[in-house]
Amino acid sequence: MSVELVKNRLRTLSEQVAKVTDEKEVLKAELEEEKRKREVCESEIQGLNRRIQLLEEDLERSEERLTSAQSKLEDASKAADESERAVQVLRNRSSMDEDHITRLEQKCKEAELFATETQKKYDEVCPFSFSSFFLSLSISCYTLIFVHTSTSCIRVIPLSIATSPSPRTALRFNSLSLFPQYLFCTTRGRKVLENRSQGDEERIDLLEKQLEEAKWIAEDADRKFDEAARKLAITEVDLERAEARLEAAEAKIVELEEELKVVGNNMKSLEISEQEASQREDSYEETIRDLTHRLKEAENRAAEAERTVSKLQKEVDRLEDELLAEKERYKSISDELDQTFAELAGY
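In our numbering, the protein residues as written are 5 to 351.
Shown next, in the form of structure tokens:
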């Protein structure tokens, strides 16, 4: 009876050991799976960190391009302002030059008109052969009267052609002895007029050259302004693109940070699960060691019981043999007694 109990006990312990071993294998598999997931998460974290680093570098490059674009934009704005100021200055100068040229042309026209009228009036007053001489004289004297009034050599009575009662007496001289002086003054006045005319022509040529140069500078300034405007437009487009890339990079960084937070939380959960699994594994290993020790003790007790049972079985066999021998002796003794009683009864 005790042997059956020991065997049942051993069977129960074996089943418990097998169950604990299976649970240990399951826990080992779960632990390996957790380790594999942790490695995958670590690799994902490394990849995310690398992507964040690349995005930060791209963000830095975008900021540098943005700074450069802003600097170029400021330079282009300054160049555009300077071009506008230069164009305005050139336009003002051109307008002043045009006004000055217009005034000079008006003066030339007035001088030509005055010369024509004077020649007509002188032809009416002096129709004789020296009309050309006196015309030059009258024009020179008129010019000298209104232009060079401070010249001491001129002693000419102002012209009174329109108000003189007699055309013959319109021009009067103080004395016939002054004729060489008039001739000298007339020649000098003609030279002065020629010099002034030449100077005016040179000045007009100079003003025309300056006007052409101003127009060329204005056209060049317009071209520079158009070029600056084009560069400004290109820079603004580049700036908008850089800002768009910057916003996209910032949004991507925020998204990656959120993913990193989620992965970090998953890592913490996996670490907690790993710690719990490690604790369960330690507990199961302790249970397995205890059950193994108890199994060894049970096996030792079973072996001792088997040895005891074997001894008892041998003792039982010996006692059975002795009992059988005693039975045989008892039978032989009984047979002898029966025979003895039978012999005694025969006497």
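Note that beta-carbon positions come from the ideal geometry of N, C-alpha and C, so glycine has one too.
Report all residues from its chain with a CB closer than 6 Å to the CB of residue i; omit the five preceding and five following residues, and keep chain order.
{"i": "residue 271", "result": "45"}
{"i": "residue 12", "result": "none"}
{"i": "residue 354", "result": "Residue 354 cannot be examined here, being either before or after the span of the chain that is shown, 5 to 351."}
{"i": "residue 2", "result": "For residue 2 there is no data in the structure shown, the boundaries of the chain being 5 and 351."}
Please report the distance separating the alpha-carbon of residue i from that of residue j.
{"i": "residue 273", "j": "residue 266", "result": "11 Å"}
{"i": "residue 107", "j": "residue 100", "result": "10 Å"}
{"i": "residue 70", "j": "residue 89", "result": "28 Å"}
{"i": "residue 103", "j": "residue 205", "result": "16 Å"}
{"i": "residue 22", "j": "residue 49", "result": "40 Å"}
{"i": "residue 288", "j": "residue 28", "result": "7 Å"}
{"i": "residue 314", "j": "residue 299", "result": "22 Å"}
{"i": "residue 200", "j": "residue 238", "result": "55 Å"}
{"i": "residue 121", "j": "residue 203", "result": "24 Å"}
{"i": "residue 316", "j": "residue 330", "result": "20 Å"}
{"i": "residue 52", "j": "residue 41", "result": "16 Å"}
{"i": "residue 216", "j": "residue 195", "result": "31 Å"}
{"i": "residue 36", "j": "residue 26", "result": "15 Å"}
{"i": "residue 248", "j": "residue 258", "result": "15 Å"}
{"i": "residue 279", "j": "residue 263", "result": "24 Å"}
{"i": "residue 223", "j": "residue 92", "result": "12 Å"}
{"i": "residue 297", "j": "residue 322", "result": "37 Å"}
{"i": "residue 304", "j": "residue 335", "result": "45 Å"}
{"i": "residue 332", "j": "residue 340", "result": "12 Å"}
{"i": "residue 347", "j": "residue 324", "result": "34 Å"}
{"i": "residue 111", "j": "residue 96", "result": "22 Å"}
{"i": "residue 326", "j": "residue 319", "result": "10 Å"}
{"i": "residue 82", "j": "residue 43", "result": "57 Å"}
{"i": "residue 350", "j": "residue 337", "result": "20 Å"}
{"i": "residue 275", "j": "residue 268", "result": "10 Å"}
{"i": "residue 117", "j": "residue 109", "result": "12 Å"}
{"i": "residue 345", "j": "residue 306", "result": "55 Å"}
{"i": "residue 301", "j": "residue 342", "result": "59 Å"}
{"i": "residue 198", "j": "residue 124", "result": "21 Å"}
{"i": "residue 113", "j": "residue 240", "result": "54 Å"}
{"i": "residue 286", "j": "residue 61", "result": "47 Å"}
{"i": "residue 47", "j": "residue 57", "result": "15 Å"}
{"i": "residue 290", "j": "residue 15", "result": "21 Å"}
Between residue i and residue j, is the Cβ-Cβ spacing less than 7 Å?
{"i": "residue 73", "j": "residue 242", "result": "yes"}
{"i": "residue 31", "j": "residue 253", "result": "no"}
{"i": "residue 250", "j": "residue 66", "result": "yes"}
{"i": "residue 98", "j": "residue 225", "result": "no"}
{"i": "residue 256", "j": "residue 77", "result": "no"}
{"i": "residue 80", "j": "residue 235", "result": "yes"}
{"i": "residue 105", "j": "residue 211", "result": "yes"}
{"i": "residue 94", "j": "residue 221", "result": "yes"}
Within a Cβ cutoff of 7 Å, which residues of the same chain sit near residue i, ignoring the five residues on either side of it in sequence?
{"i": "residue 277", "result": "38"}
{"i": "residue 214", "result": "101"}
{"i": "residue 284", "result": "31"}
Report all residues from its chain with a CB closer than 8 Å to the CB of residue i; omit the five preceding and five following residues, and keep chain order.
{"i": "residue 246", "result": "66, 69, 70 and 73"}
{"i": "residue 295", "result": "17, 20, 21 and 24"}
Contact defined as beta carbons within less than 8 Å: I believe residue i pairs with residue j. What is the distance between those atoms, to the nearest angstrom?
{"i": "residue 353", "j": "residue 260", "result": "Look at the range of the chain in this structure, 5 to 351, and you will see that residue 353 is not part of it."}
Cβ of residue i within 6 Å of any heavy atom in the ligand NAP?
{"i": "residue 122", "result": "Annotation note on the ligand NAP: not contained in the displayed structure, which lists no ligands."}
Problem set entry | Meets three-Cβ-pair contact criterion under 8 Å: the region 303-311 and the region 18-34 | Result no; under three Cβ-Cβ pairs closer than 8 Å.
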